[in-house]
Amino acid sequence: MRELDIAAMRAEYGGEPDLTESWLADGWEPLVRRWLEDAVTSGIAEPNAMVLATVESSDEGPRPFSRTVLCKDLSPAGVIFYTHYDSAKGRQLAAVPHASATFVWPALAHQIHLRGSVHPVPDDITLAYWRSRPRNSRLGAWASQQSRPVGSRAELDGLLADVTTRFADVEDIPVPPRWGGYRLRPDVVEFWQGRRSRLHNRIRVRLDERGETLAVERLQP
Ligand SMILES: Cc1cc2nc3c(=O)[nH]c(=O)nc-3n(C[C@H](O)[C@H](O)[C@H](O)COP(=O)(O)O)c2cc1C
Numbered sequence: 520m521r522e523l524d525i526a527a528m529r530a531e532y533g534g535e536p537d538l539t540e541s542w543l544a545d546g547w548e549p550l551v552r553r554w555l556e557d558a559v560t561s562g563i564a565e566p567n568a569m570v571l572a573t574v575e576s577s578d579e580g581p582r583p584f585s586r587t588v589l590c591k592d593l594s595p596a597g598v599i600f601y602t603h604y605d606s607a608k609g610r611q612l613a614a615v616p617h618a619s620a621t622f623v624w625p626a627l628a629h630q631i632h633l634r635g636s637v638h639p640v641p642d643d644i645t646l647a648y649w650r651s652r653p654r655n656s657r658l659g660a661w662a663s664q665q666s667r668p669v670g671s672r673a674e675l676d677g678l679l680a681d682v683t684t685r686f687a688d689v690e691d692i693p694v695p696p697r698w699g700g701y702r703l704r705p706d707v708v709e710f711w712q713g714r715r716s717r718l719h720n721r722i723r724v725r726l727d728e729r730g731e732t733l734a735v736e737r738l739q740p
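Numbering (the working numbering), first residue to last: 520 to 740.
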């Protein structure tokens, strides 16, 4: 079998015109939307996936903690994702309500990084999204105490079977009490576009607490 040469793995970027400050003339949100649309058009799997990093406060001091979630809404106010409020991320966000979220689409040589404060969304927003979820996803959310250990796959399947029975006659399965959305309200959004010879384009937008642009700056790659 051929040896896996990780060090030799590299892609050449380039192709589209250079990202410039003018692409941000209408703010950060339209460009996030455009790059997300590009990812959808390109057929990338889970185009709205983003890596969410939070801070875990431990006895040893603060520690970074990251995992992938799906962006389920985008507006000038920020990005929304849904999860269990008592999950590891939920507990971390209750203690330190700040996070970063990174979209990466290597096939397009695009990355977007957002950083800011995180706020639970109002119940009506969660409910509207919840109602759009397939029944199986709703049952799964009820079955799982996210981030808690479970003895086996069989035990997990048993939990799902229990909630399936419990809601068998319920058409409109309610939102679990500790499940819902968070909005990350960015104070920084950085766009990265891969270029030839590793001289990539990075443009950072800094925002005030009302979401108004404070600065658009080019960063060295
Ligand atoms: C592509 C992808 C999308 C995911 N989307 C979500 C999501 O939207 N919400 C969520 O709670 N977990 C999602 N997960 C699972 C999380 O990565 C994670 O395992 C889970 O939320 C528990 O994280 P925590 O223990 O850090 O709280 C996704 C995982 C992958 C790989």
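The C-beta atom is built at its ideal place from N, Cα and C for all residues, glycine as well. Treat the numbers as computed from the prediction; the structure is a model and nothing was measured.
For Ala-620, DSSP records a beta bridge to Leu-571 and Leu-633. The way I'd put it, the stretch 630 to 647 does touch the stretch 583 to 601; three or more beta-carbon pairs between them come closer than 8 Å. Here the alpha carbon of Ser-656 sits roughly 18 Å from the alpha carbon of Ala-673. Scanning Glu-736, Gly-659, Pro-641 and Arg-729 for the CA closest to the CA of Thr-684 turns up Gly-659. Residue burial annotation: Gly-699 is buried, with at least 16 other C-beta atoms found within 10 angstroms of its C-beta. Contact between Ala-568 and Thr-587 holds: CB atoms are separated by about 5 Å, below the 8 Å threshold. Under DSSP, the beta-bridge partners assigned to Thr-602 are Gly-699. Taking every protein chain shown into account, the CB of Arg-729 has fewer than 16 other CB atoms within 10 angstroms, so this residue is exposed. Spatial neighbours of Ile-722 in its own chain (CB-CB distance under 8 Å, excluding positions within 5 residues in sequence) are listed in chain order as Leu-538, Thr-539, Glu-540, Trp-542, Leu-543, Glu-709, Phe-710, Val-735, Glu-736, Arg-737 and Leu-738. Here Ile-631 is buried: its Cβ has 16 or more other Cβ atoms, across all protein chains shown, within 10 Å. In this structure, ligand 1 has no non-hydrogen atom nearer than 7 Å to the beta-carbon of Arg-697.
The shortest CA-to-CA distance from Leu-571 to any of Glu-535, Gln-611 and Asp-524 is the one to Gln-611. In this structure, the straight-line span from the alpha carbon of Pro-625 to that of Val-682 is close to 39 Å. The C-beta separation of Pro-696 from Leu-726 comes to about 33 Å, leaving the pair out of contact by the 8 Å criterion. Comparing alpha carbon positions, the residue from Arg-714, Leu-679, Ser-663 and Pro-740 closest to Asp-605 is Ser-663. Ranked by Cα distance from Arg-667, the options Lys-608, Asp-592 and Glu-579 are led by Lys-608. Each residue's CA atom was taken as its position, placing Asp-691 and Arg-650 some 8 Å apart.
Residue state for Glu-709 is assigned as strand, using DSSP reduced to three classes.
A direct Cα-to-Cα measurement between Leu-593 and Arg-521 gives close to 43 Å.
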